[in-house]
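Residue numbers (our numbering), protein chains in the order written: chain A, 1 to 256; chain B, 1 to 186; chain C, 1 to 186.
Inspection log for the structure reproduced underneath, given as structure tokens.
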Amino acid sequence: MEQQTEQLIFDFYTEKPHIVRNAHEEIKLELGKFAGPLDLLLYLIKQEQANIFDIPIARITDEYLKYIRLMKSLDISVAGDFLVMAATLIEVKSRMLLPRESLAEIDEEFEDPRRELVDRLLEYEKFKNAAQMLYERSTVEQAVFMRGEIESDENNLEVSTTVFDLLGVFQKILARHKEEIQLEIEREEMSLAEMLKTLKKRLFSAKELNVLKFFQEMNSRRELVLAFIAVLEIVRTESVKLLQEEIFGDIILRKQ
Amino acid sequence: MNQETEKQPRSISELIAIIEALIFVADEPLTEKILADVLEEDKETIQIAVEELINEYKQREGGLQIREIAGGWQISTRTEFHEDIRKFLRTRPSAKLSIAALETLAVIAYKQPVTVPEILEIRGVQSASAIKTLLDKRLIVARGRKEAVGRPMQYGTSKDFLIQFGLKDLSELPNVEDFEDLTVGI
Amino acid sequence: MNQETEKQPRSISELIAIIEALIFVADEPLTEKILADVLEEDKETIQIAVEELINEYKQREGGLQIREIAGGWQISTRTEFHEDIRKFLRTRPSAKLSIAALETLAVIAYKQPVTVPEILEIRGVQSASAIKTLLDKRLIVARGRKEAVGRPMQYGTSKDFLIQFGLKDLSELPNVEDFEDLTVGI
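Quick look at the structure:
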């Protein structure tokens, strides 16, 4: 019936929900998704130009289910909350089918089965409108700028903190720690041949090498053992000498 | 208590000037209390001086304004010049919040302190990722646990929320009931 | 050159206001050239406008001044008020922590009681100055010595820590599961 797209209350966002109806009464999901089942329901009620206090529940339920099927056919995953609402609608619809007189007999005050749903919709709509108000405010605020950084002696990076920052930071440290451990494991893949090669390169380019310092560079026990064996090996096979210039002094490996 | 400084009493115009300088250097909106403490003046004097300063800024019609935000005063640029400023800073309007995040923020702002299940009840949809976004953007903060089954975490809005939405304090939020009758009875 | 924008020519007072706003938001002294480029005005016009602005600031005798620094213009507080400003900067609320201090505090909060070598192991960085900062700010306290080699001092969080972070007790610290709740089930 209507060719033009309906304007929604929530029209402030580029990904605004959009259902286009064409002449053949087919609905088509145009863009984005609804913020939740209540959002979709409100949209459908407006679309039908229905009174929120007297929702044509059968029609709205059909429309709602049609939308869900559409989402599924478009491979949009339908969140559980949308399905819960579908079940609620079907339940309300079936309760509406019961003859009212019999209900009234049981209950002195006949409660409209739609009542709870309407209350939720009205409550939800308040916050939906409040969200729009926040949006408008933030738009204004985005046009306002604060002064640039003032140069000062204590220009270190400071952050104002909350408990969640603490947790976040802690998780980061743990992740970093994990990474380091993994790196270490990777380094341990080093073989004796590689260690020997490293040692030779170092020794022959500098003519002499402080053995203790070389050992301190090792990142794991395994590397340390390899380094030790490599030093013994190089003394055995190459013309190098181990020197200790004073008692308890550093041990030097010197090429002859 | 303050014997070592033998200060001359300040003139009101001098006081206004000092307040302007302090508001300028402060990183956050500057409260009456801090001004009163630092300047050793009573709050009424501070209030009068700040009002005078705000008026002066209004009359000047310069590039800057003084606004009351998050319970304090802050100097910022006037909104009119945002295009040129943005061009200079090469910034675009910062990423907007999704509808889900805005709705969740609205619920938290009006119902605080509020738990995740309570938000779910009002919005009718899981709000976990929206809450995470809001926490990351420091718009909301945890406010301790509720004394209920499972002791769920409660959330409330932060000072950054007030600053980002240009609010003096939470009481400046329009009444949520006022939003009710916008679409009722179409 | 600039056909797409059909701007109204700016009045000189508007130009002065925009320049004031730009100098205000800039991190560094703003040069004539940058102003001329951003505002698409010639340098002479910029020069005249800035001079006018500087004069206005001088006549106002407020708390701020516009200074020419490093070939550009910058807004700063007037030197007369240094004493009050310094006093203010000293009394600033100390809820701000460097990232190093925050990390150290996080480790202490979640692993307490914990020793310096243990913190080093977790953070992978020496934390001595961060620990000193946290002790100075009374966010952590010494909690006796550990029965281990060298009997190192152990640290834990203080009552002030709870107050500053709005916690009733340590059980209220968010745990990893809280964050997982938020990321799972979107």
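Even for Gly, the Cβ is constructed at its ideal location relative to N, Cα and C.
On a predicted model such as this, the values are computed, not experimentally measured, just so you know.
Here the region 39-55 of chain B does not lie against the region 143-150 of chain B, with fewer than 3 beta-carbon pairs under 8 angstroms apart. At a C-beta separation below 9 angstroms, VAL25/C has these neighbours in chain A: PHE145, MET146, ARG147, GLY148. Interface with chain A (7 angstroms Cβ-Cβ cutoff): ILE122/C is included.
Within 10 angstroms of the beta-carbon of GLN216/A lie fewer than 16 other beta-carbons, which makes it exposed. Looking at the DSSP output, LYS255/A bridges to VAL240/A. With respect to chain C, the C-beta atom of LYS146/B has no partner C-beta closer than 7 angstroms.
Contact between the region 73-90 of chain C and the region 100-113 of chain C is absent: fewer than 3 CB-CB pairs across the two stretches fall below 8 angstroms.
Apart from the 5 residues on each side of it in sequence, GLU118/B sits with its Cβ closer than 7 angstroms to the Cβ of LYS111 in its chain, given in chain order.
Residue contact with chain B for LEU15/C: absent (no Cβ-Cβ distance below 7 angstroms to any residue of chain B).
Boundaries around ILE75/B are those of the beta strand (DSSP E), 72-77, since no alpha helix (DSSP H) includes it.
Boundaries for VAL144/A: no beta strand (DSSP E) harbours it, and the DSSP string shows neither H nor E there.
Burial state of ASN210/A is exposed, judged by a 10 Å Cβ sphere holding fewer than 16 other Cβ atoms. A Cβ of chain B is located within less than 7 angstroms of the beta carbon of PRO37/A.
Under the three-state reduction of DSSP output, ASN219/A falls in the coil class, being neither helix nor strand.
Three or more Cβ pairs drawn from the region 33-49 of chain B and the region 16-23 of chain B lie within less than 8 angstroms of each other, which places the two stretches in contact. Closer than 7 angstroms to the CB of VAL169/A there is at least one CB belonging to chain C.
Restricting attention to LYS58/B, LEU64/B, ALA17/B, the CA atom closest to the CA of ILE75/B is found in LEU64/B. Chain-order list of chain A residues neighbouring GLY156/B: empty, with the shortest C-beta distance near 11 angstroms, by a criterion of under 9 angstroms. Interface annotation, TYR110/C: in contact with chain A, CB-CB separation under 7 angstroms.
Against chain B, the beta carbon of GLU123/A has neighbours under 8 angstroms at ILE122, listed in chain order. CA-CA distance, ILE99/B to ALA35/A, rounds to 6 angstroms.
For ALA142/B, the enclosing beta strand (DSSP E) has its first and last residue at 140-145. Under the DSSP assignment, GLU68/C falls in the beta strand (DSSP E) whose first and last residues are 64-69.
With a threshold of 16 other beta carbon atoms within 10 Å, SER171/C falls short and is exposed.
Your pair LYS137/B and GLU68/B does not check out as a contact, with CB atoms roughly 23 angstroms apart and the cut at 8 angstroms.
Annotation: the continuous alpha helix (DSSP H) that includes THR91/C extends over 82-91.
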